[in-house]
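Following: one structure in C-alpha cells, then a few remarks.
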Amino acid sequence: VIRMGAGYDNVDTAACSAAGVVTSNVPDAWTEEVADTSMSLMLALMRHTFDLADFVRGGGGWTRQAELPRRGLRRLRGQRLGIVGLGRIGGAVALRARPFGLGVSFYDPYKPPGMEKSYGVQRASSFAEPV
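Mapping of the sequence shown onto UniProt numbering: residues 1 to 131, in sequence order.
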C-alpha cells in the first residue's frame with residue numbers, strides 16, 4: 001500500500017503489517033504542483049480571470065474596454081499573504097510568493113522559533129493574525 005502524501009493517517013499500518021502487506025508513503029507527492037496551483041489561483045482572483053473568461057464566452061468579446069477597469073485589476077505586489085501551516089506546501093507557496101512582491105506571514109505553532117528567517121517571512125502570533 002502506497003500512500004500519496006505525508007503520513008499514514010488513513011492507513012491501518014498495524015493491520016497491513018499483520019497481513020504481511022508493506023506500506024510506504026510519498027511525502028513530497030504533489031507539493032510543487034499544489035504550490036504552483038495556489039499561485040496561479042491567486043493571480044486569477046486578483047485579475048478576475050474567471051469573470052473575464054465568462055464575459056468573453058457570453059459574447060462580450062474585447063470590444064467593451066470599460067469592462068477591464070470596472071473590475072479593478074489588482075496587483076499581487078504589496079499585498080500580504082497569510083499561510084496557516086508552514087509545512088512542505090506552505091513553505092513552497094511562501095518561496096513562490098516573495099518574487100511576486102507579496103509580504104508573507106504564517107502561523108504554525110509547531111515550527112521552531114527562527115524558522116521564519118530561512119523563508120524570509122513573518123511569524124504570526126495567532127491563527128487569526130495572518131488571515
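A virtual CB, placed ideally from N, CA and C, is assigned to each residue, including glycine.
Remember, it's a predicted structure, so these values are computed and weren't measured experimentally.
Q. With distances taken from CA atoms, which of L81, S125, M42, S24 is nearest G104?
A. Here residue 104 corresponds to residue number 104 of the sequence shown, with the count starting at 1. One point to set straight first is that residue 104 is Val, not Gly, in the sequence displayed. Among L81, S125, M42, S24, the Cα nearest to that of V104 is on L81.
**Q.** Extent of the continuous alpha helix (DSSP H) to which R88 belongs
**A.** For the purposes of this step, residue 88 is taken as residue 88 along the sequence shown, with counting starting at 1. Unbroken alpha helix (DSSP H) run through R88: 88 to 97.
Q | Range of the contiguous alpha helix (DSSP H) that encloses V1 | A | For the purposes of this step, residue 1 is taken as the residue at position 1 of the sequence shown. Looking at the DSSP string, V1 is not in any alpha helix (DSSP H), and its letter there is neither H nor E.
Q: Kindly indicate which residue of L86, G58, H48 has the alpha-carbon position closest to the one of G72.
A: Along the sequence shown, read from residue 1 onward, the residue named residue 72 stands at position 72. Answer by Cα proximity: H48.
**Q.** Distance, G59 Cα to R88 Cα
**A.** Walking along the sequence shown from the start, residue 88 turns up at place 88. Walking along the sequence shown from the start, residue 59 turns up at place 59. Roughly 42 angstroms separates the two Cα atoms.
Q) Among T31, N25, R77, F106, which has the Cα closest to the Cα of L43? A) In the sequence shown, counting from the first residue as 1, residue 43 sits at position 43. Considering only alpha carbons, the answer is R77.
Q: Quick one: grab the DSSP three-state call for S126.
A: Position 126 of the sequence shown, counted from the start, is the residue given in the question as residue 126. Residue state, collapsed to three classes: coil.
**Q.** Cβ neighbours of V1 in the same chain (closer than 7 angstroms, five flanking residues each side left out)
**A.** One-based indexing of the sequence shown puts residue 1 at position 1. Closer than 7 angstroms at Cβ, skipping near neighbours: V11, C16, V21, T23.
Q. Roughly how far, in whole angstroms, is the beta-carbon of F106 from the beta-carbon of G90, given that I think they are within contact range, below 8 angstroms?
A. On the sequence shown, residue 106 is found 106 positions in, with the first residue counted as 1. On the sequence shown, residue 90 is found 90 positions in, with the first residue counted as 1. Yes, they are in contact, since the Cβ atoms of F106 and G90 sit about 6 angstroms apart, within 8 angstroms.
Q. What are the boundary residues of the beta strand (DSSP E) that includes L73?
A. If you number the sequence shown from 1, residue 73 lands on position 73. Segment: none, L73 is in no beta strand (DSSP E) and carries neither H nor E.
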